[in-house]
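A short worksheet on the structure shown next.
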Amino acid sequence: MVEKSLPEGVEIHPTAIVCREALLEGCVRIGAGTVVHPFAMVKATNGPIIIGENNIIEDRCLIENM
3 MVEKSLPEGV
13 EIHPTAIVCR
23 EALLEGCVRI
33 GAGTVVHPFA
43 MVKATNGPII
53 IGENNIIEDR
63 CLIENM
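Counting in the working numbering, the sequence shown runs from 3 upward without gaps.
So this is what it looks like as structure tokens:
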């Protein structure tokens, strides 16, 4: 993972890879070995989103709890 300050509520496991062009918003937890590709969006607008271990979230994918 590229070192940068994370938005409030976002937790990323040290072995996860999140591209800098990805958007993580709200209470989002990314598990070990997970990869979040560029321009993917995970938006926790109505409660937490927990992505487990060893997942791949592809380019331009949107995961949102509305």
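Yeah, the Cβ is synthetic: ideal placement off N, Cα and C, and Gly gets one too.
How about residue i and residue j: do their beta carbons lie closer than 8 Å?
i: R62; j: F41; result: yes
i: T36; j: A18; result: yes
i: I53; j: V44; result: yes
In this structure, does DSSP put residue i in helix, strand or coil?
i: M3; result: Residue placement at M3 is poorly supported in this model, since its pLDDT is 47, which falls under 50; the coordinates are not used for a value here.
i: T47; result: strand
i: N67; result: strand
i: C29; result: strand
Pull up the distance between the alpha-carbon of residue i and that of residue j, whole angstroms please.
i: G33; j: E27; result: 16 Å
i: V38; j: N48; result: 21 Å
i: C29; j: E60; result: 20 Å
i: V20; j: P50; result: 18 Å
i: R31; j: I65; result: 12 Å
i: A46; j: E55; result: 18 Å
Evaluate residue i with the Cβ neighbour count: other Cβ atoms within 10 Å of its Cβ, from every protein chain shown; 16 or more gives buried, anything less gives exposed.
i: I14; result: buried
i: N67; result: exposed
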